[in-house]
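Each remark here refers to the structure printed beneath this line.
In our numbering, the protein residues as written are 313 to 428.
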């Protein structure tokens, strides 16, 4: 019986040691996979750092001068009037309308006679 107990003790010790060795091997594989993943993440992070960072800029970054008041206004919020090759910008529709009215060609009597 004593021999059997010794054999059983050796067998159980062998099983426990085998499980410990297998667990250590699995932990090494897990750590290796984790290191590979970390190195890939570092490569991606380094690539992102190398890319130029663009600051957020709104669309209306270009300012134009109001033809009537001389104020600077965003181009996307300005009213435009094109005459010939010139572009006129206005901060309000009323300013645009007043400019059109003030620059209308005044009809002279000779112009009226030519029309008739």
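We treat Cβ as the ideally placed atom computed from N, Cα and C, and that holds for glycine. Computed from a prediction, not measured in an experiment: that's the story for all the values here.
query, result
"Count the CB pairs spanning the stretch 381-393 and the stretch 348-362 that are closer than 8 Å, and state whether there are at least three.", "no"
"Could you give the DSSP three-state label for residue 374: helix, strand or coil?", "coil"
"With a threshold of 7 Å on Cβ separation, who are the neighbours of residue 377 within its own chain once the five nearest residues in sequence on each side are excluded?", "384, 401"
"So, is residue 414 buried or exposed, given that buried needs 16 or more other C-beta atoms within 10 angstroms?", "exposed"
"What three-state label does DSSP hand residue 334 in the structure shown?", "helix"
"Which first and last residues belong to the alpha helix (DSSP H) in which residue 412 is found?", "405-414"
"Is residue 380 helix, strand or coil by DSSP?", "coil"
"With burial defined as no fewer than 16 other Cβ atoms inside 10 Å of the residue's Cβ, what is the status of residue 403: buried or exposed?", "buried"
"Less than 7 Å between C-beta atoms, sequence neighbours within five positions excluded: which residues of the same chain meet that for residue 405?", "391"
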